[in-house]
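Asker: Numbering (our numbering), first residue to last: 8 to 198.
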């Protein structure tokens, strides 16, 4: 290797405990950053679905009154509303009642912290904050809580929004093609 002799040994760090703690902290910070990015991605995609479907509704409304294309246009509009509704549920902030289902608190979550009296919060967090192992465990519980209660539901509703958009518009296109194929649809002729 370049700049390395076979006889050299890598010296043990003088303070191995602090290096391990820094590594754990870096992993937790990177995971938290990744979770925030997942949340942003889901919110941006949901916003795109809302905008796309909001444009689709007025464009399609003009076709509802036409006898030949009223049914596909109605299907497309209902699809857009369903897709917008699911996208709004994706973006809408998740509310919590102040504790987890098992009655414990997430001592690193702003919602749980804000609903407790200061004295109670300090009483619960001080022993954890002063013990590195318990603090690490609490940080890991917070990551799990965010993944389970925020990220997974966001992507669930985003999938519903995409699915409604795709399936509904596919049905509308198939109904239109069927009308054209059977000769039921009449296009206005240019004169």
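Note that beta-carbon positions come from the ideal geometry of N, C-alpha and C, so glycine has one too.
Could you check if residue 56 is buried or exposed, using at least 16 other CB atoms within 10 Å of its CB as the buried criterion?
Answerer: Your numbering for residue 56 matches position 49 in the chain shown. By the 10 Å Cβ count, residue 56 comes out buried.
Asker: How far does the alpha helix (DSSP H) with residue 120 in it reach, from first residue to last?
Answerer: The residue you call residue 120 lines up with position 113 of the chain shown. Residue 120 -> alpha helix (DSSP H) spans 117-122.
Asker: Whole angstroms are fine: how far does the CA of residue 91 sit from the CA of residue 50?
Answerer: By 1-based counting over the chain shown, the position of residue 50 is 43. By 1-based counting over the chain shown, the position of residue 91 is 84. In a straight line, the C-alpha of residue 50 is about 13 Å away from that of residue 91.
Asker: With a 10 Å radius around its C-beta and 16 neighbouring C-beta atoms as the bar for buried, classify residue 175 as buried or exposed.
Answerer: For the purposes of this step, residue 175 is identified with residue 168 of the chain shown, where counting begins at 1. With 16 or more Cβ atoms within 10 Å of its Cβ, residue 175 is classed as buried.
Asker: For residue 100, report the span of its alpha helix (DSSP H) as first-last.
Answerer: As a first step, residue 100 is located in the chain shown; it is residue number 93 there, counting from the start. Looking at the DSSP string, residue 100 is not in any alpha helix (DSSP H), and its letter there is neither H nor E.
Asker: Along the chain, where does the alpha helix (DSSP H) containing residue 176 start, and where does it finish?
Answerer: Here residue 176 refers to the residue found at position 169 when the chain shown is read from its first residue. Note, residue 176: alpha helix (DSSP H), 159-189.
Asker: Classify residue 188 as buried or exposed, calling it buried when 16 or more other Cβ atoms lie within 10 Å of its own Cβ.
Answerer: Position 181 of the chain shown, counted from the first residue, corresponds to residue 188. By the neighbour-count rule (16 or more Cβ atoms within 10 Å), residue 188 is not buried but exposed.
Asker: Does the beta-carbon of residue 151 have 16 or more other beta-carbons within 10 angstroms, so that it is buried, or is it exposed?
Answerer: For the purposes of this step, residue 151 is identified with residue 144 of the chain shown, where counting begins at 1. Per the 10 Å Cβ criterion, exposed.
Asker: Please report the residue range of the alpha helix (DSSP H) in which residue 211 lies.
Answerer: As displayed, the chain neither begins before 8 nor continues past 198, which places residue 211 out of reach and without an answer.
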